[in-house]
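For the sequence shown, my numbering assigns the number 1173 to the last residue and increments by one with no breaks.
Okay, structure first, notes after.
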Amino acid sequence: MESASGLVKASAGLSWLGRLGGAVLDQLYPPLCLNCDAPVAAPDALCGDCFRKLRPITAPYCPVLGLPFEVDLGRDARSAEAIADPPPFGRARSAVVYDEVARRLVSRLKYSDRPELARFCARLMAAAGSELWVGDPVLVPVPLHRTRLLSRRYNQSTELARALGRLVGLRVEPGLIVRTRRTPQQVGLSASARQRNVAGAFTVRPGAAAKLAGRRVVIVDDVVTTGSTVKAVTHALNRAHIADVDVISFARVVTGASLSQ
Ligand SMILES: [Zn+2]
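Right, here's the structure in full:
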């Protein structure tokens, strides 16, 4: 009994110390805006100015590609892109438009090991993809090639998937898909060049598909530009007989849309 009460006292003391430690740390290192480094009240957040500059993607949007519509065309109206070139996945959703603040957040997420950024982005993704979490799907991040992962030590899509998985209570399978070919960076390539660049670059790890038999998969990426990467990942899943695939990304490139301005 004595030792049990001693344990309780010790753990109460530790949590008190932890709280004190947190308060001291906040004094020494006040939480900063994830975008502009201005002081903010709570950690893992943006300041008011930066938050207002983010452009969340909300309804109305294309039910297939998640591209925002300027006007509501009705529940089943699809974007011209989805009609002209139907994607292999079911639904894609993104939290925000890829513009100035989103670009800087993604770049900070990609090139520096800052898990608080992933937590912030995942909160917005959890809300944007709410209809995708029904039915217990598995979250699968877009993999980096092994050599790129070695040089960067950090796959931003895996960090997003892990933070998202914790928030929405879903399993994350970071090792399911392998990038078999090291593809040049997509930046600056046209849509068709991007498609050629990543076609066949992904494969499902042998034996992994059996673990997911009958499960739906949600691919997790940081930015969807033309969609060529998530399409190539979907094709790899389809080849492994995983047919039911959706996509969630933090940001989405939206061209030629004035949105709600
Ligand atoms: Zn800010």
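Cβ atoms here follow ideal geometry from the backbone N, Cα and C, with glycine treated the same way.
Since we're looking at a predicted model, the values are computed, not measured.
For Cys1033, the distance from the CB to the nearest heavy atom of ligand 1 is not below 7 Å.
A straight line joining the alpha-carbon of Val1157 with that of Glu982 spans about 27 Å. Beta-carbon to beta-carbon, Ala1163 and Val1135 are separated by about 5 Å, close enough to satisfy the 8 Å threshold. Boundaries of the alpha helix (DSSP H) around Phe963: Gly960 to Lys965.
Annotated three-state conformation of Thr1137 is coil, per DSSP. Short of 6 Å from the beta carbon of Thr1115, and not among the five residues preceding or following it, lie these beta carbons of its own chain, in chain order: Val1090, Thr1092 and Ala1148. Ligand 1 has no heavy atom closer than 7 Å to the beta-carbon of Asp1133. Between ligand 1 and Cys962, a heavy atom-to-CB distance of less than 7 Å is present. Of the residues Ala1105, His1153 and Val1009, the one whose Cα lies closest to the Cα of Val1166 is Val1009. Judged by DSSP secondary structure, Phe1162 falls within the beta strand (DSSP E) whose first and last residues are Val1157 to Arg1164. For the pair Arg1031 and Glu993, the Cα-to-Cα distance works out to about 31 Å. Val1046 is positioned such that its CB atom lies no closer than 8 Å to that of Cys962. In this structure, Leu1029 places its C-beta atom within 8 Å of the C-beta atom of Leu1021.
In the DSSP assignment, Ser1019 falls within the unbroken alpha helix (DSSP H) covering Glu1012 to Tyr1023.
Counting C-beta atoms within 10 angstroms of its own C-beta, Thr970 has fewer than 16 neighbours from the protein chains shown and is therefore classed as exposed. Taking the C-beta atoms as reference points, Ala1034 is found nearer than 8 Å to Leu1076. For the stretch 1034-1092, the continuous alpha helix (DSSP H) assignments of 4+ residues that do not extend past its boundaries occur at 1058-1064 and 1068-1080, in sequence order.
Counting only residues of its own chain and dropping the five nearest sequence neighbours on each side, Gly1002 has a CB closer than 6 Å to the CB of Asp1158. Within the chosen limit of 7 Å, ligand 1 reaches the beta carbon of Ala950 through at least one heavy atom. The Cβ atoms of Ile1160 and Arg1064 do not sit closer than 8 Å to each other. For Val976, the secondary structure class from DSSP, reduced to helix, strand or coil, is coil. In this structure, the straight-line span from the alpha carbon of Cys945 to that of Pro955 is close to 8 Å.
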